[in-house]
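Under this note's numbering, think of the first position of the sequence shown as 71, with each following residue one higher.
Following: one structure in structure tokens, then a few remarks.
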Amino acid sequence: MHSVELLPDLATERAVRDVWRRLADAGLPSLATHPHPTNRPHLTLVTTDHLPPQTHAHLKHSFAQALPLPLRLDGPLRFSGRTRVLAWAVRPDEALVRLHETVWRMLRDAPESGSTNPLLDPVRWVPHVTLSRSRGTVRAELPDGLFPHTSDALPGILTGWWTSARHYDSVLRTAERLGP
71 MHSVELLPDL ATERAVRDVW RRLADAGLPS LATHPHPTNR PHLTLVTTDH LPPQTHAHLK
131 HSFAQALPLP LRLDGPLRFS GRTRVLAWAV RPDEALVRLH ETVWRMLRDA PESGSTNPLL
191 DPVRWVPHVT LSRSRGTVRA ELPDGLFPHT SDALPGILTG WWTSARHYDS VLRTAERLGP
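The structure is reproduced here in structure tokens:
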């Protein structure tokens with residue numbers, strides 16, 4: 071599988087990694103325990119079977135023009151199913167929605183890319199930054215002080231920037247910068 075992802079600025083990345091650490095310190099599932107060097111906070115825009123070279127070039131151009139974009143994280147979000155996910159909700163503004171739709175259509179319409187994940191279709195997309203994944207039962211209560219608190223915002227609300235993009239190949243477990 072190939073994914074196209076946005077990466078946050080360093081301050082936001084540090085804040086997400088701090089939440090990962092707090093979850094792990096509380097004995098809860100956390101991406102802090104995932105040791106691979108490509109593991110970092112990100113927002114997935116699309117996943118597909120393949121990333122054709124010509125699409126890769128178009129993506130680089132699109133990201134060079136679109137980034138940086140404002141980022142707003144809005145508190146906890148949970149997904150249930152076979153895998154339970156705790157995430158930090160991303161509030162999409164118009165520019166992020168437009169970029170997501172552009173990237174989605176670019177890969178959906180490229181015949182060599184194969185199938186795209188329908189959960190990332192613009193009509194179904196729930197933008198988020200993953201904090202933990204688990205297959206077992208997980209305590210419903212989150213630890214106090216899990217999310218940062220600033221004087222001008224409620225706990226869990228954080229603003230920053232989407233500053234770059236990458237292509238992640240889950241088979242080779244490699245990441246390549248797409249821009250800027």
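The beta carbon of each residue, even a glycine, is placed where N, CA and C say it ideally should be.
1) Give every residue of the same chain whose Cβ lies closer than 6 Å to the Cβ of Pro162, excluding the five residues on either side of it in the sequence, and list them in chain order.
2) Flag this pair as yes or no: are the beta carbons of Thr114 and Leu190 separated by less than 8 Å?
3) Would you decide whether Pro99 is buried or exposed? Buried here means 16 or more other CB atoms lie within 10 Å of its CB.
4) Taking DSSP as the reference, what is the three-state secondary structure of Leu129?
5) If we count the other Cβ atoms within 10 Å of its Cβ and call it buried at 16 or more, is Thr82 buried or exposed?
6) Check whether the Cβ atoms of Asp79 and Thr233 sit closer than 8 Å, and answer yes or no.
7) Taking the alpha carbon of His126 as the reference point, which residue from Arg87, Thr108, Arg142, Arg236 has its own alpha carbon closest?
8) Tell me where the beta strand (DSSP E) around His198 begins and ends.
9) Can you give me the Cβ contacts of Trp231 inside the same chain, cut-off strictly under 8 Å, excluding the 5 residues immediately before and after it?
10) Let me know if Thr118 comes out buried or exposed under the rule of 16 or more other beta-carbons within 10 Å of its beta-carbon.
11) Between which two residues does the alpha helix (DSSP H) holding Val167 run?
12) I need the straight-line Cα distance from Ser221 to Asp88, nearest angstrom please.
13) Here's a check: name, in chain order, each residue in its chain whose Cβ is nearer than 8 Å to the Cβ of Thr244, leaving out the five neighbours to either side.
Let me spell this out:
1) As a first step, residue 162 must be located in the sequence shown, where it is residue number 92. Pro197, listed in sequence order.
2) The residue given as residue 114 occupies position 44 in the sequence shown. The residue given as residue 190 occupies position 120 in the sequence shown. Yes, the Cβ-Cβ distance between Thr114 and Leu190 is below 8 Å.
3) One-based indexing of the sequence shown puts residue 99 at position 29. Classification of Pro99: buried, given that the 10 Å Cβ count is 16 or more.
4) By one-based count along the sequence shown, residue 129 stands at place 59. Helix.
5) Indexing the sequence shown from 1 puts residue 82 at position 12. Buried, since its Cβ has 16 or more Cβ neighbours within 10 Å.
6) Within the sequence shown, numbered from 1, the residue matching residue 79 stands at position 9. Within the sequence shown, numbered from 1, the residue matching residue 233 stands at position 163. Taking 8 Å as the Cβ cut-off, Asp79 and Thr233 qualify as a contacting pair.
7) Working through the sequence shown from its first residue, we reach residue 126 at position 56. Measuring from the Cα of His126, the nearest candidate turns out to be Arg236.
8) Stepping through the sequence shown from its first residue, residue 198 is reached at position 128. Taken as a continuous stretch (DSSP letters only), the beta strand (DSSP E) holding His198 covers 198-204.
9) Walking along the sequence shown from the start, residue 231 turns up at place 161. Within the same chain, Trp231 has close Cβ partners Pro78, Asp79, Thr82, Pro138, Leu139, Pro140, Leu141.
10) Residue mapping note: residue 118 aligns to position 48 of the sequence shown, counting from 1. So Thr118 counts as buried.
11) As a working mapping, residue 167 is identified with position 97 in the sequence shown. 164-178 is the extent of the alpha helix (DSSP H) around Val167.
12) Counting from 1 along the sequence shown, the entry for residue 221 is found at position 151. Counting from 1 along the sequence shown, the entry for residue 88 is found at position 18. Because Ser221 carries a pLDDT of 44, less than 50, the predicted location of this residue cannot be relied on, and the following value inherits that uncertainty. About 18 Å.
13) If you number the sequence shown from 1, residue 244 lands on position 174. Excluding residues within five positions, the ones whose Cβ falls inside 8 Å are Thr108, Tyr238.
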